[in-house]
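The opening residue of the sequence shown carries number 1 in the UniProt record's numbering; numbering runs sequentially from there.
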Amino acid sequence: MISLPDDSRAAVDRALEEVLTRLTQRAIPRGSSALALIRAASAATSGGKRFRPALVVASFDAFGGDRLATPGLWDVAAAFELLHSAFVIHDDLIDRDIERRGVPNVGGTFRSHARSLGVSADDAERVGDAAAVLAGDILLYEAARLVATADVASDQRVPLFDLLDDAVLVSAIGELADVEQAVVPAEPETAQLLSTAHDKTAVYSFCAPLAAGAVLAGADDGDRGVLMSVGADLGLAFQLVDDLIGTFGDEAQAGRGAGADLREAKRTPLISFARDSASWPQVSSALAMAPTGPIAVQAAQRELDASGAREQLVTLIGQTLSAVRRRAAELPPAARALIEQLADGIEGRIP
Numbered sequence: 001m002i003s004l005p006d007d008s009r010a011a012v013d014r015a016l017e018e019v020l021t022r023l024t025q026r027a028i029p030r031g032s033s034a035l036a037l038i039r040a041a042s043a044a045t046s047g048g049k050r051f052r053p054a055l056v057v058a059s060f061d062a063f064g065g066d067r068l069a070t071p072g073l074w075d076v077a078a079a080f081e082l083l084h085s086a087f088v089i090h091d092d093l094i095d096r097d098i099e100r101r102g103v104p105n106v107g108g109t110f111r112s113h114a115r116s117l118g119v120s121a122d123d124a125e126r127v128g129d130a131a132a133v134l135a136g137d138i139l140l141y142e143a144a145r146l147v148a149t150a151d152v153a154s155d156q157r158v159p160l161f162d163l164l165d166d167a168v169l170v171s172a173i174g175e176l177a178d179v180e181q182a183v184v185p186a187e188p189e190t191a192q193l194l195s196t197a198h199d200k201t202a203v204y205s206f207c208a209p210l211a212a213g214a215v216l217a218g219a220d221d222g223d224r225g226v227l228m229s230v231g232a233d234l235g236l237a238f239q240l241v242d243d244l245i246g247t248f249g250d251e252a253q254a255g256r257g258a259g260a261d262l263r264e265a266k267r268t269p270l271i272s273f274a275r276d277s278a279s280w281p282q283v284s285s286a287l288a289m290a291p292t293g294p295i296a297v298q299a300a301q302r303e304l305d306a307s308g309a310r311e312q313l314v315t316l317i318g319q320t321l322s323a324v325r326r327r328a329a330e331l332p333p334a335a336r337a338l339i340e341q342l343a344d345g346i347e348g349r350i351p
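This is the structure we're talking about:
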């Protein structure tokens, strides 16, 4: 959808490297476990598309920010990457995943290390879980530290912290709701699932980065309010497309096995729409079999499609993005073009 140009990515990567180098230097005298923890946290930040920093920089540019006069831009952009990495580490722990895209994550790395020392499987799991909690906590703090120490105007610091605070709080609330909705006996209402989809993604991935760039560029309160509004809808649409990808996308698009959400029996708005259809008995039977293998996954996909739930969700995504484009018309031309580019990119991801 949007990416950092090479020079901007290099500037963000330098800001991240400064953080990770300082942490590594502080960890060295504290022993091998401390150093391993920082290295695992560092690995969690490596690579990636740097999407959230790209939004900070793109918004800053769209509102006419002066890069030479705003050296703290790169630290603020990097802070959102650290925030994302922390959330990914904690999300893997919550989901009990020990790999990320086929590579051991923080928890998996420390489990393997503990097992190599002769630790029992249960105790190795405990070590891995502890490492994941602590690595994520360190990166969360470092994100806040970057904002606190960034070279920005004094009147920008509090608005930036307000955005970071909102991103952390709303995302945590959304993640908890997601876990609760996965385990409660009663099926969650569609409105609840949509609210959770928004909270998990919208604020930290769209609203806050876009508004942070605008703050640094000196945008007025009205434009920042519009950004928060369109960011909320962009984030919801993005998450709903992710739900479609998790159900109908291929392995390359999903970054994991095709139909992973079906195999894991995730409760998503897509499933809620199907539950409200006349075809629910057939869909429900197919979903119950989906964890058994790829043929059953394909059968569940066919039943979901036939129920109209897929079409209904695609329609909702389209309506949400139409609202984004209408509201974006209130923004200056360059900012409006950025929001339209993001809406087009989200729409283009629909499988």
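Glycine included, C-beta positions come from ideal geometry on N, C-alpha and C. Since the structure is predicted, the reported quantities are computational estimates derived from the model, not experimental observations.
- When DSSP reads this structure, P104 sits in a beta bridge with E99.
- If you compare the alpha carbons of L216, R101, K266 and L193 with that of T247, the shortest gap goes to K266.
- Going by C-alpha positions, P5 is about 41 Å away from R302.
- When the alpha-carbon of G65 is set against those of G174, A153, A172 and Q298, the nearest one is in A153.
- Membership of L163 in the alpha helix (DSSP H) is indicated by the continuous run S154 to V183.
- Between A212 and M228, the CB-CB gap reaches or exceeds 7 Å.
- Annotated three-state conformation of A186 is coil, per DSSP.
- Residue L262 holds the alpha-carbon nearest to the alpha-carbon of G293 among L316, L262 and P281.
- A contact between stretches requires three or more CB pairs, one per stretch, nearer than 8 Å, and the region 1-20 meets this requirement with the region 59-79.
- Restricted to the region 33-76, the alpha helix (DSSP H) segments that are unbroken, complete and at least 4 residues in length are 51-62, listed in chain order.
- DSSP places I339 in the uninterrupted alpha helix (DSSP H) bounded by P333 to G348.
- Looking at the backbone, the Cα of L216 and that of S42 are separated by about 27 Å.
- For the 7 Å CB-CB criterion, L139 and A172 do not form a contact.
- Y204 and V226 have their alpha carbons spaced roughly 16 Å apart.
- DSSP places S277 outside both helix and strand once states are collapsed to three, so it counts as coil.
- L82 is the residue among L176, L82, E264 and S32 whose C-alpha sits nearest the C-alpha of V147.
- Take the alpha-carbon of P159 and the one of P185: they are about 41 Å apart.
- Note that the C-beta distance between L236 and A274 is not below 7 Å.
- Sequence-distant Cβ neighbours of H198 in its own chain, meaning closer than 8 Å and more than five residues away, are G174, A232, G235, L236 and Q239.
- Contact between A167 and L338 is absent: CB atoms are separated by about 19 Å, not below the 8 Å threshold.
- The alpha carbon of G128 has as its nearest neighbour, out of L316, H113, I28 and L163, the alpha carbon of H113.
- Rounded to whole angstroms, R157 and A296 show a C-alpha spacing of 53 Å.
- In this structure, A132 lies away from I94, with their beta-carbon atoms at least 7 Å apart.
- Under the three-state reduction of DSSP output, K200 falls in the helix class.
- Taking C-beta atoms under 8 Å as the contact rule, I350 and L193 fail to qualify, at a distance of about 18 Å.
- Judged by their CB atoms, A214 and S59 are nearer to each other than the 7 Å cut-off.
- E99 sits exposed, since fewer than 16 C-beta atoms from the chains shown fall within 10 Å of its C-beta.
- If the five residues before and after L134 are omitted, its C-beta is found closer than 8 Å to the C-beta atoms of L37, all from its own chain and listed in chain order.
- For K49, the CB contacts under 7 Å within the same chain, skipping 5 residues up- and downstream, are S3 in chain order.
- In this chain, the alpha helix (DSSP H) harbouring S229 covers D221 to F248.
- Secondary structure at T315: helix, using DSSP grouped into helix, strand and coil.
- Inclusion of T190 and P269 in the CB contact set at 7 Å is warranted, their separation being smaller than that value.
- Only residues of its own chain outside the window of five on either side were considered, and among them I339, E340 and A343 have a CB closer than 8 Å to the CB of R325, listed in chain order.
- Residue range P294 to S307 is occupied by the alpha helix (DSSP H) that includes S307.
- E347 and T315 have their C-alpha atoms spaced approximately 11 Å apart.
- For A323, the CB contacts under 7 Å within the same chain, skipping 5 residues up- and downstream, are D233 in chain order.
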